[in-house]
Amino acid sequence: MFFKNLQSRQIKIIGFVLLIPLFIAACGSQQTDQLINDIDWQWIEMVEAEPASQSLVPNPENYTLRLSTDSTLSITADCNMVGGSYTLAGSALNIETGPSTMAYCGEESLDQQFLGFLNNVESYAIEDGQLMLRLKDGAGHMTFNEE
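Numbering (the working numbering), first residue to last: 1 to 147.
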């Protein structure tokens, strides 16, 4: 009887120990999503590798990104509104822009560059409270502040 109870306890303990990594992984994923989801991010800077350049974005309030928890996104690209979707796996991020208004925003607008860069994102990081979107093939990164 004693050994039977001991075996039962051992099985329960082993089962619990095996479940711990699953709980930790689930909490980590949710925590990561909460760091970037449902926040209005303003594009403030672009760093490009070729040719090497660093540019501050004029009127960052005109270039915003919001990643919703349902994997949809909302973008303000100067005078245009854009929808889309994204997939997130760890730090890997893939953005697909979708339906858009098609207004002409003027010669000085960065709307097309902004959307082009977003379609070229491969990963993200949070650094000093800023969202960093890294572009494919080491082409550079976009920096966003929380609105």
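Where a beta carbon is used, it is the ideal one built from N, C-alpha and C, also for glycine. On a predicted model such as this, the values are computed, not experimentally measured, just so you know.
contact_flag[the region 67-76, the region 45-55] where n(CB pairs < 8 angstroms) is 3 or more: Using a C-beta cut-off of 8 angstroms, the region 67-76 makes no contact with the region 45-55, since fewer than three inter-stretch Cβ pairs fall below that distance.
Reduced DSSP secondary structure (H/G/I, E/B, other) of I95: Translated into positions along the sequence shown, residue 95 becomes position 95. In this structure, I95 counts as strand in the three-state DSSP scheme.
Nearest to N120 (by Cα), restricted to the options M81, G129, L133 and S55: For the purposes of this step, residue 120 is taken as residue 120 along the sequence shown, with counting starting at 1. Among M81, G129, L133 and S55, the Cα nearest to that of N120 is on L133.
Cα-Cα separation between Q130 and E107, rounded to whole angstroms: The residue labelled residue 130 in the question sits at position 130 within the sequence shown. The residue labelled residue 107 in the question sits at position 107 within the sequence shown. For Q130 and E107, the distance between alpha carbons rounds to 28 angstroms.
Span of the beta strand (DSSP E), counted from its first residue to its last, around G129: Numbered from 1 along the sequence shown, position 129 holds the residue referred to as residue 129. Premise fails: G129 is in no beta strand (DSSP E) and is neither H nor E.
Three-state secondary structure (DSSP) of I75: Stepping through the sequence shown from its first residue, residue 75 is reached at position 75. Of the three classes helix, strand and coil, the one that applies to I75 here is strand, per DSSP.
Cβ shell of E147 (< 8 angstroms), same chain only, five flanking positions each side left out: Position 147 of the sequence shown, counting from 1, holds the residue named residue 147. The answer, listed in chain order, is I39, D40, W41, Q42, E61 and T64.
Nearest neighbour of A139, chosen from V47, N37, Q112 and L88 [CA to CA]: Reading the sequence shown from its first residue, position 139 is the one you call residue 139. Among V47, N37, Q112 and L88, the Cα nearest to that of A139 belongs to V47.
Simplified DSSP state of N62, which is helix, strand or coil: As a working note, residue 62 is residue 62 in the sequence shown. Residue state, collapsed to three classes: helix.
Per DSSP, cross-strand counterpart(s) of F144: Counting from one through the sequence shown, the residue named residue 144 turns up at place 144. According to the DSSP secondary-structure assignment, F144 is paired through a beta bridge with W43 and L131.
Cβ-based burial, S109 [other Cβ within 10 Å; buried from 16]: Against the sequence shown, residue 109 aligns to sequence position 109. By the neighbour-count rule (16 or more Cβ atoms within 10 Å), S109 is buried.
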